[in-house]
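For reference, the structure is listed below as structure tokens.
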Amino acid sequence: MMMKIGFIGLGIMGKPMSKNLIKAGYSLVVTDLNKAAVDELAALGAEIASNAKDVAAKANIIITMLPNSPHVKSAVLGENGVIEGAKKGSVLIDMSSIAPLASREIYTELEKQGIDMLDAPVSGGEPKAIDGTLSVMVGGKKDVFDKYYDVMKAMAGSVVYTGEIGAGNVTKLANQVIVALNIAAMSEAFMLATKAGVDPELVYQAIRGGLAGSTVLDAKAPMVLNRNFKPGFRIDLHIKDLSNALDTSHGVGANLPLTSAVMEMMQALKSAGDDKLDHSALARYYERLTGTEIKRFN
Ligand code: NAD
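Residue numbers (the numbering used here): 119 to 416.
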């Protein structure tokens, strides 16, 4: 049978990811609630489906790239969902970042129908989605991972197997904890420099090659210094991830004191109406505390 990929969710991430699959030579069938995004993919040769069930009926590999657990559950298990259209032997590769428990619940329902599933969230943001250099962290059966490795690799620089179903999303939560804490640390340090009279741009240039240097620093410091908070990765999505991290940690008996602190900073930004900005806008939390902007001195 010819391999046809269904793609559900053509947002900031899903749109460039699906474009890279077309570039790699795969045939696609797509759907999204946003008609403009669907039309953009259709112009590149993708077939349009009316809903998730229709996508699943027309494809044997179904990829979802949706905001959170409830969206994935409804698109997969709900009315007109993937489960109603998918054939036995097809696979759902859920690349959204959702709660690991939700991945396991969806897996159990699909397994009853003979449908495979991988949870395969990504890191790297919009720039790496566009370049096709995302990092993919994957949970599920190892043989299923091996079978669909090439499809995931067409969107990624690295695709790493991390364990049974749900392990991909546990890994992604670990990733999101590290990213959130790094952005908070960077903001705190830049505020220290600014208030102490040292240009944060020069601080960034001086330290980026040292131990404090990081991919997060290189991606987010320029955004803060340019006062560019256009997402990227929105605060509301990061709140979703930290909420899933805290829930998961309470369930397994891990403690995340720093994550709770940064969660409260993000909640304060949300209260101030900043939750649609990029997560680099965590800097604004510190700016409100001091009444001072973090920016280049000239
Ligand atoms: P987004 O809000 O830009 O895109 C989500 C898309 O899903 C939208 O186009 C929306 O219309 C569509 N959608 C929602 N419900 C639907 C349904 N029932 N049927 C069809 N389409 C539906 O979000 P995004 O930034 O692309 O993020 C998607 C996922 O990837 C999230 O889980 C996010 O945490 C994760 N992620 C995002 C980034 C990033 O930098 N933006 C990076 C890594 C991971």
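Positions of the beta carbon are idealized from the N, C-alpha and C atoms, including for glycine.
Not a single heavy atom of the ligand NAD lies less than 8 Å from the C-beta of Phe347. Under the DSSP assignment, Thr251 falls outside any beta strand (DSSP E); it carries neither an H nor an E label. Take the alpha-carbon of Gly258 and the one of Lys265: they are about 12 Å apart.
The beta carbon of Ala142 sits closer than 7 Å to those of Ala272, all from its chain and outside the five residues before and after it, given in chain order.
With respect to the C-alpha of Asn416, the residue from Val342, Glu319, Ala379 having the closest C-alpha is Glu319. Here Ile283 carries a coil assignment [DSSP, helix/strand/coil]. Ala161 is not a Cβ neighbour of Val147, given a cutoff of 9 Å.
With a cutoff of 9 Å on beta-carbon distance, Val200 and Thr182 are scored as near each other. Placement of the Cβ of Lys358 at a distance of less than 8 Å from at least one heavy atom of the ligand NAD is found. As a beta-bridge residue in DSSP terms, Gly257 pairs with Asp237, Gly281. For Ala307, the closest C-alpha among the options Ser215, Leu195, Tyr403, Ser253 is that of Tyr403. Using a Cβ-Cβ distance cut-off of 8 Å, the stretch 205 to 221 and the stretch 236 to 252 are in contact, since at least three pairs of beta carbons, one from each stretch, lie closer than that value. In this structure, the alpha-carbon of Ser221 lies about 34 Å from that of Ala330. Boundaries of the alpha helix (DSSP H) around Thr377: 375 to 389.
Taken atom to atom, the span from the alpha-carbon of Phe351 to that of Leu360 is near 13 Å. Listed in chain order, the alpha helix (DSSP H) runs fully inside the stretch 182 to 214 are 187 to 195, 200 to 203, counting runs of at least 4 residues. Distances from the CB of Leu184 to the heavy atoms of the ligand NAD include at least one below 8 Å. Annotation: the continuous beta strand (DSSP E) that includes Gly124 extends over 122 to 126. When beta bridges are read from the DSSP output, Leu146 appears opposite Ile123.
Put simply, the backbone Cα of Thr280 is about 13 Å away from that of Leu291. In the three-state DSSP reduction, Ile180 falls in the strand class (E or B).
In the three-state reduction of the DSSP assignment, Arg352 falls in the strand class, which pools E and B. The C-beta distance from Met381 to Ala302 rounds to 10 Å, too long to meet the 8 Å contact threshold. Note on geometry: alpha-carbon atoms of Lys413 and Leu376 lie some 26 Å from one another. In this chain, the alpha helix (DSSP H) harbouring Ser136 covers 132 to 141.
The beta carbon of Arg326 sits closer than 7 Å to those of Leu335, Asp336, all from its chain and outside the five residues before and after it, given in chain order. DSSP places Ile166 in the strand class (E or B) of the three-state scheme. About 6 Å separates the beta carbons of Gly242 and Ser253, which is inside the 8 Å limit, making them a contact pair. Pro239 has its CB nearer than 8 Å to a heavy atom of the ligand NAD. The beta carbon of Gly232 sits closer than 6 Å to those of Lys206, all from its chain and outside the five residues before and after it, given in chain order.
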